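Numbering (this note's numbering), first residue to last: 362 to 539.
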């Protein structure tokens with residue numbers, strides 16, 4: 362599969378996909394920090410496709426995080442694609458629970474984005490750059506873009522995106538926000 366991806370010569374690769382980022386509720390959102398380290402030690406998370414459509418039960422559909430953000434960055438590097446990681450913006454799937462993180466509690470979500478920039482691009486002397494190096498990749502991945510939220514809309518999204526953009530643009534103007 363990796364060779365077929367490489368043969369496509371993609372300019373970028375987006376990860377993770379769709380509603381996985383959002384989660385049915387915020388407790389089931391994709392959290393990139395939980396995808397680091399040995400695969401067997403990564404938490405198992407129920408996938409919404411396990412219970413979403415009762416007419417198509419998929420009782421064994423869980424996220425193992427066997428492909429986490431570190432492996433995603435490595436794959437992008439291997440196939441010559443720019444990584445486009447997508448992060449939760451403090452909103453769960455609007456078609457499911459539509460749960461919102463209150464604006465006064467949003468900073469941990471923004472900090473996850475800042476930490477991801479440091480993980481991808483930071484020096485080995487930084488906290489998250491050192492974690493990347495400990496996983497076997499001392500050189501930065503040179504991430505240039507990041508997606509904030511997935512298929513969200515409305516004023517709730519705009520408010521949250523604006524807060525992410527303000528902080529990220531101030532601290533990392535080299536990162537394009539999608």
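Virtual Cβ for every residue (Gly too), placed ideally from N, Cα, C. Quantities reported herein were computed from a predicted structural model and do not represent experimental measurements.
Exercise. Within 10 angstroms of its Cβ, does residue 510 collect 16 or more other Cβ (buried), or is it exposed?
Worked result: Along the chain shown, read from residue 1 onward, the residue named residue 510 stands at position 149. Buried, because 16 or more other Cβ atoms sit within 10 Å of the Cβ of residue 510.
For this session: Answer yes or no: do residue 397 and residue 429 have a C-beta to C-beta separation smaller than 7 Å?
Result: Numbered from 1 along the chain shown, position 36 holds the residue referred to as residue 397. Numbered from 1 along the chain shown, position 68 holds the residue referred to as residue 429. Yes, the Cβ-Cβ distance between residue 397 and residue 429 is below 7 Å.
Exercise. Of the residues 424, 414 and 416, which one's Cα is nearest the Cα of residue 402?
Worked result: Residue numbering aside, residue 402 sits at position 41 when the chain shown is read from its first letter. The shortest Cα separation from residue 402 among 424, 414 and 416 belongs to 424.
Exercise. Which whole-angstrom value is the C-beta distance of residue 584 and residue 449, which I expect to be below 8 Å?
Worked result: Any property of residue 584 remains undetermined from this structure, which presents the chain solely from 362 to 539.
Problem set entry | Same chain, Cβ closer than 8 Å to residue 475, neighbours up to 5 away in sequence not counted | Here residue 475 corresponds to residue number 114 of the chain shown, with the count starting at 1. Closer than 8 Å at Cβ, skipping near neighbours: 528, 529, 532 and 533.
Problem set entry | Distance between beta carbons of residue 467 and residue 524, contact taken as under 8 Å | Stepping through the chain shown from its first residue, residue 524 is reached at position 163. Stepping through the chain shown from its first residue, residue 467 is reached at position 106. With 8 Å as the limit, residue 524 and residue 467 qualify as a contact, their Cβ atoms being about 6 Å apart.
Exercise. Going by the CB atoms, is the gap between residue 517 and residue 461 shorter than 7 Å?
Worked result: Against the chain shown, residue 461 aligns to sequence position 100. Against the chain shown, residue 517 aligns to sequence position 156. Closer than 7 Å, so yes.
Exercise. Just checking, does the region 475-489 make contact with the region 404-414 on the three C-beta pairs under 8 Å criterion?
Worked result: no
Problem set entry | Assigned exposure category for residue 385 - 16 Cβ within 10 Å defines buried | Within the chain shown, residue 385 is the residue found at index 24, counting from 1. Burial call: buried.
For this session: Assuming residue 521 contacts residue 441 (C-beta within less than 8 Å), just tell me the rounded distance between them.
Result: Position 160 of the chain shown holds residue 521. Position 80 of the chain shown holds residue 441. Actually they do not touch by this definition, with Cβ atoms about 33 Å apart.
For this session: Grab me the residues of residue 499's own chain with a C-beta within less than 6 Å of its C-beta, minus the 5 sequence neighbours each way, in chain order.
Result: Residue mapping note: residue 499 aligns to position 138 of the chain shown, counting from 1. For residue 499, where only same-chain residues beyond five positions count, the Cβ hits under 6 Å are 485.
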